[in-house]
Each structure stands twice: as C-alpha cells, then as structure tokens.
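Colleague: Just so we're aligned, residue 3 is where the sequence shown starts under our numbering, counting upward by one.
Following this message is one structure expressed as structure tokens.
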Amino acid sequence: MDKFYSFLSSTTILCGQIKGETRLPMPPLDVGGTGSGKNRISLLEGAIITWTKQIKNVLKQDPESQLKMGYHPTPDVEIAFWKNKANNLNSIFEQLAGQRIRRVLRALDQQHSTYCATFSRLCKEVFTARLEANDNMKYLRTLEEWFDKLNNEDNFPGLLELFKPMLHIILLIWKNSKHYNSPARLVVLMREICNSLINQACKYVSGEQIFSLIEAEEAHVAVEQLKTTLLVCGTFKSTYFDYKATANAECPANPWRIQNNALFMRLDSFLERCHDILDLTQTIVQFSKLAKIEVGGTKGKTLTTSVQDIHTSFQVAVDKFKMVDYDIMDVSAKQFDDDFYEF
C-alpha cells in the first residue's frame, strides 16, 4: 500500500509541475486490513510530511535567487516570479481549505498526532505569504507596460522618456504597498532595471559594431554612440537620485536608505567599460590623422617617415586588440582589463 501511495503521490506532484503549480497529493482515507489503524495514521502523517516539503519549497522561493547565482535577470523576471508565486500559494491555499485535506487533519487531530500543531503553523505562513505575493503582484502589474518598453525599445536614446514615469510608479508603490516597500525589494528591482539598460546599450553599440566602424574609418561614429550610451545610463542614475530625494522627503519613516553600490555595481562597471572604450576610439580617431600627414622642409621626408612608423605601430596594436575573442562591451568579460592595459 505504501509503494502504491508513493507512486500516486509522485504522479500527482509531477502533473502539478507540468501545469506550473503545486498539487498536494491526497492519501487514501480508507485503509482496511489488520492493524489498519496504525497503517492509516502512518499514511496520513506521511502525506503531511510530503505537503510540508512542497509548501516549504514554495515559501522559500526568493526573487533574488537568480542574482545570487550570478545571472542577470531583467525586471520582467521579477513580475513573472511574483505571478508564479502568487498562483502557487493561491492554489495551495485552496487545497488546504478543501474538505479532503480537512478530513486528513481531523483524523490526525483525533489521534493526537504531533504533526498537527506544526502543520497548522505552516498553514498560517502560507496565508501570510499568499497575501504578500498577491499584493506585490497587484502593484507590479502597473510597471508591466514600462518594463516591456524598456526591454524592447528599438530607439536606445528613446529610453530617456521612460525613466521618470517608471521611477514615479516605483515611488507610488513604495508609498502604498504593504509589502513591496523594503530595501530588499527595491534593490532587486533596480538591479534588474540596470540589467535591461545594459542589454539595450549592448544592442545599440556592440563591440563588433565598434570594430566594424573602426575598420571602415568611421571611429567618430562609435565615439558618438558611446557618448550617447553614457548619457542615457547616467541620466537613469541621476533620475533615481532625484526620486530617492523625493522618497526621503515624503516618506521620512521609510526612506530609500540603500547603499548606491548595492544598486549600481554592475551598471557602474559597465559605465567604466564604456569610458575605457571611448578613450580607445577617441585615440584611434586622433591617430588616424597621422596617416595623412606629410611634413615639408629640409627634414620633411625623415619626419614624415617617423610619423608613418608611429601610425603603423599604432595600427598593429589596434589590429591585435581587435583579435580578442569576446565582446569588448560585455562587462562580464574580465580579461578586457588586461588586454586594454596592454594596448
């Protein structure tokens, strides 16, 4: 009987996972045969243990988990996380409130099972976590449209129009939400917004594009694109600081008291990378002028040859740098620092 119930439990759990929800497997409530009383209680307690593991797995889900694992999620992932968690907890809550699970708990309570009190506390945790997830989902939905634009805007400079309305909504959520108003929540959301911004910047000006422009003797175009990238990313940071000042003034009991490094560490690294590549492209623009210089006078030929030698040596260094096997705009490519220093 135990093996058969174990098979049914696994099947129920698997079917729930396929549907993207948590299904609590039900034990058989009527068990006949010799010693059926002990066997029945053992099966019911086994079901409680299974449910407890399933519920705890849902409760411990953390929106920061992808960031902790070194991934770079975008803010739509935050909305998807809370939507999934709310749906899961709503499903669990409905099952816990159903008659079949109530029958199991009543049967165990009548037998004075020690599992009842522990499971009752877990049910209260589900109720609290469910309220939080649904509340967070309600407020985050208001940002869905803006995050979609942030991720899919084809005109990179057009992102400048999104920053104020997006941060204004985040401030309103901070003021009105009962749960989505803690530093932990804001840190995750801001880091994910920064990831979207970096992704869009790399679409706008990639390392491959920069090298292509240099090859076509249009490094000045890359210079302008990099300056635009620095402007857009810098504007986002300054807009955040404006709204942080507003939040601190309007919410003195709960200000945005968060270390800047916790929010912008990756974005700042990206901006530093952009500055390095901007220096590179501006240097290339300057040195490219040497190719067309001819010096007159008695020593003109000698000086012209010297200038051309300098230009040739510089071009060799540029060509070597262009051979790197990674995207120079990829902030996670740490070997850039060594290659750039060598250049």
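All C-beta atoms, glycine included, are put in the ideal place defined by N, C-alpha and C.
Are the stretch 165 to 174 and the stretch 239 to 249 touching, with three or more C-beta to C-beta distances below 8 Å?
Modeller: Touching, yes.
Colleague: Using the rule of at least 16 other Cβ atoms within 10 Å of the residue's Cβ for burial, across every protein chain shown, is residue 192 buried or exposed?
Modeller: What you label residue 192 is simply residue 190 of the sequence shown in a count that begins at 1. Buried, because 16 or more other Cβ atoms sit within 10 Å of the Cβ of residue 192.
Colleague: In the DSSP assignment, find the alpha helix (DSSP H) that holds residue 260 and state where it starts and stops.
Modeller: Position 258 of the sequence shown, counted from the start, is the residue given in the question as residue 260. Element bounds for residue 260: n/a, residue is neither H nor E.
Colleague: Cα separation between residue 95 and residue 257?
Modeller: For the purposes of this step, residue 95 is taken as the residue at position 93 of the sequence shown. For the purposes of this step, residue 257 is taken as the residue at position 255 of the sequence shown. Taking the straight line from one Cα to the other gives about 34 Å.
Colleague: Hey, quick one: how far does the alpha helix (DSSP H) through residue 102 stretch, first residue to last?
Modeller: Translated into the one-based positions of the sequence shown, residue 102 becomes position 100. Run containing residue 102: 101 to 112, per the alpha helix (DSSP H) assignment.
Colleague: How would you call residue 144, buried or exposed, if buried means at least 16 neighbouring beta carbons within 10 angstroms?
Modeller: Residue 144 sits at position 142 when you count from the first residue of the sequence shown. Counting Cβ neighbours within 10 Å, residue 144 comes out exposed, since fewer than 16 surround it.
Colleague: Rounding to the nearest angstrom, what Cα-Cα distance links residue 81 and residue 334 in this structure?
Modeller: Translated into positions along the sequence shown, residue 81 becomes position 79. Translated into positions along the sequence shown, residue 334 becomes position 332. Cα-Cα distance, rounded: 25 Å.
Colleague: Can you check whether the CB of residue 229 is closer than 8 Å to the CB of residue 173?
Modeller: If you number the sequence shown from 1, residue 173 lands on position 171. If you number the sequence shown from 1, residue 229 lands on position 227. A distance of 8 Å or more separates the beta carbons of residue 173 and residue 229.
Colleague: Check each candidate in 48, 343 and 57 and name the one with the smallest Cα separation from residue 30.
Modeller: The residue labelled residue 30 in the question sits at position 28 within the sequence shown. Considering only alpha carbons, the answer is 48.
Colleague: With residue 135 and residue 87 assumed to form a contact (beta carbons below 8 Å), what rounded beta-carbon distance in angstroms separates them?
Modeller: Locating residue 135 in the sequence shown gives position 133, where the first residue counts as 1. Locating residue 87 in the sequence shown gives position 85, where the first residue counts as 1. Between residue 87 and residue 135 the Cβ distance is about 5 Å, and since that is below 8 Å, they are a contact.
Colleague: How many whole angstroms separate the CB atoms of residue 341 and residue 326, which I take to be in contact at a CB cut-off of 8 Å?
Modeller: To locate residue 341, count along the sequence shown from 1; it is residue 339. To locate residue 326, count along the sequence shown from 1; it is residue 324. Residue 341 to residue 326, Cβ: 6 Å. Contact.
Colleague: Can you give the Cα-Cα distance for residue 238 and residue 328, rounded to whole angstroms?
Modeller: On the sequence shown, residue 238 is found 236 positions in, with the first residue counted as 1. On the sequence shown, residue 328 is found 326 positions in, with the first residue counted as 1. Using only the alpha carbons, I get a separation of about 27 Å.
Colleague: I'd like the ranges of any alpha helix (DSSP H) spanning at least 4 consecutive residues and lying wholly in the stretch 76 to 101.
Modeller: If we require 4 residues or more, the alpha helix (DSSP H) runs fully inside the stretch 76 to 101 come out as 77 to 99.
Colleague: Which residue marks the beginning of the alpha helix (DSSP H) containing residue 158, and which one marks its end?
Modeller: On the sequence shown, residue 158 is found 156 positions in, with the first residue counted as 1. Per DSSP, residue 158 belongs to no alpha helix (DSSP H) and is neither H nor E.
Colleague: One question on the structure: do residue 155 and residue 76 come within less than 8 Å of each other, judged by their Cβ atoms?
Modeller: Within the sequence shown, numbered from 1, the residue matching residue 155 stands at position 153. Within the sequence shown, numbered from 1, the residue matching residue 76 stands at position 74. In this structure, residue 155 lies away from residue 76, with their beta-carbon atoms at least 8 Å apart.
Colleague: Which whole-angstrom value describes the C-beta separation of residue 57 and residue 113, a residue pair presumed to lie in contact below a C-beta threshold of 8 Å?
Modeller: Stepping through the sequence shown from its first residue, residue 57 is reached at position 55. Stepping through the sequence shown from its first residue, residue 113 is reached at position 111. 22 Å between Cβ atoms; not a contact.
Colleague: Looking only at its own chain, which residues have a Cβ that is under 6 Å from the Cβ of residue 83, when we skip the five neighbours before and after it?
Modeller: Indexing the sequence shown from 1 puts residue 83 at position 81. Excluding residues within five positions, the ones whose Cβ falls inside 6 Å are 65.
Colleague: In the DSSP assignment, find the unbroken alpha helix (DSSP H) run with residue 397 in it and report its ends.
Modeller: Residue 397 is absent from the structure shown; the chain starts at 3 and stops at 345.
Colleague: Give the range of the alpha helix (DSSP H) segment to which residue 140 is assigned.
Modeller: Counted from its first residue, the sequence shown places residue 140 at position 138. That run of the alpha helix (DSSP H) goes 117 to 142.
Colleague: Count Cβ pairs between the stretch 271 to 288 and the stretch 207 to 225 that sit closer than 8 Å; are there 3 or more?
Modeller: yes
Colleague: Does DSSP put residue 168 in a helix, a strand or coil?
Modeller: The count along the sequence shown starts at 1 and reaches residue 168 at position 166. In this structure, residue 168 counts as helix in the three-state DSSP scheme.
Colleague: Can you tell me whether residue 332 is helix, strand or coil according to DSSP?
Modeller: Position 330 of the sequence shown holds residue 332. Looking at residue 332 - three-state DSSP - the assignment turns out to be coil, as it is neither helix nor strand.
Colleague: If I follow the unbroken alpha helix (DSSP H) through residue 214, where does it start and stop?
Modeller: The sequence position of residue 214 within the sequence shown is 212, counting from 1. Element bounds for residue 214: 209 to 217.
Colleague: For the alpha helix (DSSP H) that residue 206 lies in, which residues bound it at each end?
Modeller: By 1-based counting over the sequence shown, the position of residue 206 is 204. Looking at the DSSP string, the run of the alpha helix (DSSP H) that includes residue 206 is 185 to 206.
Colleague: Among residues of its own chain, excluding the 5 on either side of residue 212, which ones have a beta-carbon nearer than 6 Å to its beta-carbon?
Modeller: For the purposes of this step, residue 212 is taken as residue 210 along the sequence shown, with counting starting at 1. Contacts found: 224.
Colleague: Could you tell me whether the Cβ atoms of residue 141 and residue 175 are closer together than 8 Å?
Modeller: As a working note, residue 141 is residue 139 in the sequence shown. As a working note, residue 175 is residue 173 in the sequence shown. The answer is yes: Cβ separation under 8 Å.
Colleague: Out of 235, 179 and 254, which one is the CA nearest neighbour of residue 201?
Modeller: Here residue 201 refers to the residue found at position 199 when the sequence shown is read from its first residue. Selected option, being the one with the closest Cα: 235.
Colleague: Using 10 angstroms around the beta-carbon of residue 116, count the other beta-carbons present and answer buried if the total reaches 16, otherwise exposed.
Modeller: Here residue 116 refers to the residue found at position 114 when the sequence shown is read from its first residue. When all chains shown are included, residue 116 counts as exposed.
Colleague: Which word fits residue 129, buried or exposed, when buried means at least 16 other C-beta atoms lie within 10 angstroms of its C-beta?
Modeller: Translated into positions along the sequence shown, residue 129 becomes position 127. It is exposed - the Cβ of residue 129 has fewer than 16 other Cβ atoms within 10 Å.
Colleague: So, helix, strand or coil for residue 326, using DSSP?
Modeller: Translated into positions along the sequence shown, residue 326 becomes position 324. When secondary structure is reduced to three states using DSSP, residue 326 falls in the coil class, being assigned neither helix nor strand.
Colleague: In whole angstroms, give me the CA-to-CA distance for residue 330 and residue 276.
Modeller: As a first step, residue 330 must be located in the sequence shown, where it is residue number 328. As a first step, residue 276 must be located in the sequence shown, where it is residue number 274. The alpha-carbon of residue 330 is positioned some 9 Å away from that of residue 276.
Colleague: Just the C-alpha distance for residue 343 and residue 278, rounded to the nearest angstrom, thanks.
Modeller: Counting from 1 along the sequence shown, the entry for residue 343 is found at position 341. Counting from 1 along the sequence shown, the entry for residue 278 is found at position 276. Using only the alpha carbons, I get a separation of about 10 Å.
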